[in-house]
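In what follows, a single structure is set out as structure tokens and then discussed.
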Amino acid sequence: MKKLRIILSPLFVVLTIALMIGMTIRSDFDKAPLPSTIPAVTDFDETVRAVNAALAARRQEAGYEHLTPADDFTVLRRLSLSLHGTIPSLEEIRQFEQAAQRKPEQETDLLTRWTERLLNDSRFSDYFSERLARSLVGTDGGQFIVYRRDRFVDWLAEQLENHRPWDDITRDVIADKGLWTGKPAVNFITAGVAGDDLDHEELTGKTVRAFLGQRIDCAQCHDHPFDDWKQSDFEGLAAFYGQVNLTLVGIEDKTSLEYEVEDRFTLETREVQPAVPFGPDWLPAEGTRRQRLAGWITHDDNRRFRRAIANRVWTLMFGSPYFTKIAVDDLPDPPAEPDLLDVLADDFAAHDFDLRRLVRVMAATDLFRSSSASDAETDQEYEILKEYWGVFPMTRLRPEQLIGSMLQSSSVKTIDQNSHLLFRAMRFFREQDFVRDYGDLGPDELDQRSGTITQALLRMNGSLTRELIEANPLNSTGRVANFSENDRECIENSYLVCLTRRPSPAEMTYFEQQLAELDGQQRTHAVVDLYWSLFNSLEFSWNH
Amino acid sequence: MESLNFTTSAVTRRDVLQLSAGLGLSFLMPALDLKAAEKRGTERQKSVIVVWLAGGPSQLETWDPHPGTEIGGPTKSIKTKISGAEIASLFPQTAEQIHHLNIIRSLTSKEGDHERGTYMLKTGYRPDPTTIHPSLGAIITQQAPNKNLEIPQHISFGDGSWPARGGYLGDQYDAFRIYDPGNGLHNMEMPVGDDRQQRRLGNLEVISKAFEARRRPAAKLSLHRKTLDDALTMMSSEQLQAFKIDDEPQALKDAYGDTKLGRGCLVARRLVESGVRAIEVSMTGFDTHANNYEGMQTQAEILDPGLATLIRDLKERDLLDSTVVMCLGEFGRTPKINGLDGRDHWPTGFSCLLGGGSLKSGVVIGETDPTGEKKDPQDPVPVENLFTTVLHQLGIDPQKELITPIGRPMALAQGELIEPLL
Chain D
56 MKKLRIILSP
66 LFVVLTIALM
76 IGMTIRSDFD
86 KAPLPSTIPA
96 VTDFDETVRA
106 VNAALAARRQ
116 EAGYEHLTPA
126 DDFTVLRRLS
136 LSLHGTIPSL
146 EEIRQFEQAA
156 QRKPEQETDL
166 LTRWTERLLN
176 DSRFSDYFSE
186 RLARSLVGTD
196 GGQFIVYRRD
206 RFVDWLAEQL
216 ENHRPWDDIT
226 RDVIADKGLW
236 TGKPAVNFIT
246 AGVAGDDLDH
256 EELTGKTVRA
266 FLGQRIDCAQ
276 CHDHPFDDWK
286 QSDFEGLAAF
296 YGQVNLTLVG
306 IEDKTSLEYE
316 VEDRFTLETR
326 EVQPAVPFGP
336 DWLPAEGTRR
346 QRLAGWITHD
356 DNRRFRRAIA
366 NRVWTLMFGS
376 PYFTKIAVDD
386 LPDPPAEPDL
396 LDVLADDFAA
406 HDFDLRRLVR
416 VMAATDLFRS
426 SSASDAETDQ
436 EYEILKEYWG
446 VFPMTRLRPE
456 QLIGSMLQSS
466 SVKTIDQNSH
476 LLFRAMRFFR
486 EQDFVRDYGD
496 LGPDELDQRS
506 GTITQALLRM
516 NGSLTRELIE
526 ANPLNSTGRV
536 ANFSENDREC
546 IENSYLVCLT
556 RRPSPAEMTY
566 FEQQLAELDG
576 QQRTHAVVDL
586 YWSLFNSLEF
596 SWNH
Chain G
17 MESLNFTTSA
27 VTRRDVLQLS
37 AGLGLSFLMP
47 ALDLKAAEKR
57 GTERQKSVIV
67 VWLAGGPSQL
77 ETWDPHPGTE
87 IGGPTKSIKT
97 KISGAEIASL
107 FPQTAEQIHH
117 LNIIRSLTSK
127 EGDHERGTYM
137 LKTGYRPDPT
147 TIHPSLGAII
157 TQQAPNKNLE
167 IPQHISFGDG
177 SWPARGGYLG
187 DQYDAFRIYD
197 PGNGLHNMEM
207 PVGDDRQQRR
217 LGNLEVISKA
227 FEARRRPAAK
237 LSLHRKTLDD
247 ALTMMSSEQL
257 QAFKIDDEPQ
267 ALKDAYGDTK
277 LGRGCLVARR
287 LVESGVRAIE
297 VSMTGFDTHA
307 NNYEGMQTQA
317 EILDPGLATL
327 IRDLKERDLL
337 DSTVVMCLGE
347 FGRTPKINGL
357 DGRDHWPTGF
367 SCLLGGGSLK
377 SGVVIGETDP
387 TGEKKDPQDP
397 VPVENLFTTV
407 LHQLGIDPQK
417 ELITPIGRPM
427 ALAQGELIEP
437 LL
């Protein structure tokens, strides 16, 4: 298989690029299919104002008054990275510019309408489903006989595509019955099968992390040293999975089963009945144990449930959990006074647990539209600025965002559902190795990390970089080098394609001088080298 | 017979140094302190090799067997060169070398979860929601870096989860990961000629300037520039040879075993020779909840030759006195055998090997209950003590306090010295 990949992959690079190209670099692209309004906007502005106010209060705790606004292209790039896992194509940039030039007949601002457009694109469902899947089933392959991760991710994408509310999705994931192939939601359960048995402890820890945003895992062996979780809380929750039965027809609930634990020290076995650690009134009386657990988790009064997903989506949008020093699934208990997460979470719940609503609100905040540049001079100043959200934080692109951006940069046209099959084929052939070599943090992908030497080597010398930037008549390097009207346009297009911005006057002068002396292949090489340098810049490989 | 033939490996770097110094050519040598690299015995600056057994290796099938008891299962024991100490018969080669190290059979920890246990056994601290502690290798490379190295200071082989990381010291102290050791390194060759490479790097300066101007702290914390510079230095370094094992004798390669672990151990020795301070060689597959005996047999067939050859090779090259070797995992396994012929997690009374680096050798510490009823071992050694002892042995004050990014003073290690080993 690997051999086949090696043989076929260069072929696919060429084929993919060939089919992606439709028009020359300077021709007009299709008119942007921008939605004219966003749905149900009546209280939208009010929520955004409330979030902005909460953020301002947070900033002021550290003495920061104002945010510096970012330019529209920077926000455009952020939106594409957060929602599609790639940077905008030149085609999209042109469409955005055209839309901006049209007379502002809409009440809603362009970036909000653009957010809507990205949310309506199936790339959003594909990309977000993988991100959410990581918190639900991790990245391991599991046991193939009973677990199909790919089915689970596809199913999740379908739910997002169909605008399924998050509480509904949660109920399916926790309580669905059937075969892992036909009822893909049950893969959440079967991902935790070890040997022939269900690993109740792992499943319980995962449930609490994913849906309540907290960590109960350590209470598996002892009372939690810092939080209120007791070992009995852990066992009581695990008992909700005690009747899960794995058979030839899939996952079912067998009422005759009881959950037993073996005491770690006495090694004696004892039976444990299901119990919840708080909110006993929320627990439905009827249903299977798993349905009751799901009912309890998604109960309207369970703030943890909606705070958890608000924090996760926040992390995907802003690159860092709202509480910047604490992992995304290690939230403190909900505070007595509602905080920013509650504002977001309550609005989310009031809008039918619609994940798009969460994204929409966050994307419209002052913070999302603020610059990552600041006056901070020392590391410490910058750390405080980030902690109090006085700046849009810079975060390293995850490997799939980076390869997405590199692939997109090799084409002037948008790589989307129209080039979907081939794009997927290309990704299939190249992504796995690239992501591994670049260093995938798996379920911990939202941890904030610095760059590594391995990554620098891969970007500088790796075969993917070489193949993507080598100029040919079909890829963006070739087209930008040969079809731009003059050097200035060639340089500007290179910058737009790779960095979603125009070059500064100093940059323009520098590269104009460089190109002026060259022609033919020498000039093409210089454009390839410009692409290489853009690819290897901090600006390219980090979200800002 | 001495030879000055440059094509044979009989020429040591010392020979080359002497020759080039004699000819006045020493300025041509890489900026490596060859004298330091050539030092042997206790004079040499110390390194650490951690052979990491991911998943939690069973003490009963490794260094603390209890044959003939209910908890012992079918595992037999063999004599070692330490008088009176027997280990599992799955490790015949290690039995011949183990007297160069020490056996601790009474480690205790409070972490029975893989991730938390790994954290504990790699850092010497329990996981803490507000701080990420650095691993042992990160502390060593931060406190006592080898300034002459052009390759990474801290290296991790194999594909286990949670490799050693820099924690609050910074990501630049994370281990450089190599999944498949012994086959050189990837992406080391620049794809264009030198003139174009210079143009590319010059461009990069121009592109970075405007962007980084008002993002200096973020740019610095990203390590983007540093990793790029380090990568460029590494690409042209002679020291890259340390990652290749082509010129090692076939018999030695066979002795280590053509496995990730075996090749990792061999490259680890080569890196120690090059002056790398901290190396982790990781092997997965020790989480034997089911079929523990078969599983451990398979594991031992890989681990035994790799580990035993590493000890022997270091000893023969007079590198063992300057190289601390630790062999351990995140916890041990239950004395009780479960219904699947497996053993579950057991963070108390588990075993490790520790020695070299001028520690004493041939010492056995601790004893576990052959009935498995008493969970507390005799002469317990809290995991924290391993870290205190190793840092002390490397000449790094374990009680030294650093200030974490949130302004909290934190000692490098928090245990006590394991006196019988000093």
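Just so you know, the protein sequences line up as chains D and G, in that order.
According to the working numbering, the first sequence holds residues 56 to 599 in order.
According to the working numbering, the second sequence holds residues 17 to 438 in order.
Idealized CB from N, CA, C, for every residue including glycine.
For G:H170, the uninterrupted beta strand (DSSP E) run begins and ends at H170 to F173, by DSSP.
Here D:L371 is actually not in contact with D:F295; their C-beta atoms are around 28 Å apart, not less than 8 Å. Residues of chain D whose Cβ lies closer than 8 Å to the Cβ of G:M204 are, in chain order, L512 and N516. In the three-state scheme derived from DSSP, where H, G and I count as helix and E and B as strand, G:D129 is classed as coil. Excluding the 5 residues flanking it on each side, G:D175 has same chain C-beta neighbours closer than 6 Å at Y195, in chain order. The alpha carbon of D:T194 has as its nearest neighbour, out of D:I200, D:V201 and D:D205, the alpha carbon of D:D205.
DSSP lists G:E102 as the bridge partner or partners of G:K95. Contact between D:G196 and D:G305 is absent: CB atoms are separated by about 19 Å, not below the 8 Å threshold.
Of the candidates D:L554, D:S531 and D:I546, D:I546 places its Cα closest to the Cα of D:Y565. DSSP places G:M299 inside the beta strand (DSSP E), whose first and last residues are A294 to M299.
Under the Cβ distance rule, G:M251 counts among the residues neighbouring chain D, one pair being separated by less than 9 Å. Setting aside the 5 residues that flank it on each side, G:A324 is surrounded in the same chain by Q109, T110 and Q113, each with a C-beta closer than 6 Å to its C-beta; the list follows chain order. The alpha-carbon of D:S505 is positioned some 14 Å away from that of D:H599. The residue among D:V248, D:D542 and D:V368 with its C-alpha nearest the C-alpha of D:W235 is D:V248. Separation of D:Q576 and G:A247 (C-alpha to C-alpha, rounded to the nearest whole angstrom) is 29 Å. Shown here, D:R451 sits in a strand according to DSSP, grouped into three states. In this structure, DSSP gives G:F366 an extended state, which the three-state scheme calls strand. Around the beta carbon of G:G133, 16 or more other beta carbons sit within 10 angstroms, so the residue counts as buried.
When the five nearest sequence neighbours on each side are left out, the beta carbons in the same chain lying within less than 6 Å of the beta carbon of D:T259 are those of L292 and A293, in order along the chain.
In terms of beta-carbon proximity, D:S375 stays away from the interface with chain G, with every pair separated by 9 Å or more. If you draw a straight line from the Cα of G:S151 to the Cα of D:N541, it comes to about 54 Å. Taken in chain order, the whole alpha helix (DSSP H) runs of length 4 or more contained in the segment 218 to 268 of chain G are 232 to 238 and 240 to 251. Contact check for D:A431 against D:T123 fails: the beta carbons are separated by 9 Å or more. Contact between the segment 325 to 339 of chain G and the segment 177 to 190 of chain G is not established, with fewer than three Cβ pairs separated by less than 8 Å. Taking the beta carbon of D:R451 as reference, the chain G residues within 8 Å of it are S238, listed in sequence order. With fewer than 16 other beta carbons inside 10 angstroms of its own, D:H121 counts as exposed. The three-state reading of DSSP puts G:M206 in coil, since its state is none of H, G, I, E or B. Chain D places a beta carbon closer than 9 Å to that of G:F192, counting this residue as a contact.
Counting every other CB atom within 10 Å of its CB across the protein chains shown gives G:P161 a total below 16, marking it as exposed.
DSSP places G:Y184 in the helix class (H, G or I) of the three-state scheme. Fewer than three pairs of CB atoms, one per stretch, sit closer than 8 Å, so the segment 566 to 573 of chain D makes no contact with the segment 227 to 239 of chain G. In the DSSP assignment, G:A427 forms a beta bridge with G:E417. Under the three-state reduction of DSSP output, G:T124 falls in the strand class. In the same chain as G:W79, and ignoring 5 residues on each side of it, the C-beta atoms closer than 6 Å to its own belong to I103, I119 and S367, in chain order. Annotated three-state conformation of D:Y377 is coil, per DSSP. When CB distances to chain G are screened at a threshold of 8 Å, the residues of the segment 585 to 596 of chain D falling below it are L585, W587, S588, L589, N591, S592, L593, E594 and S596, in chain order.
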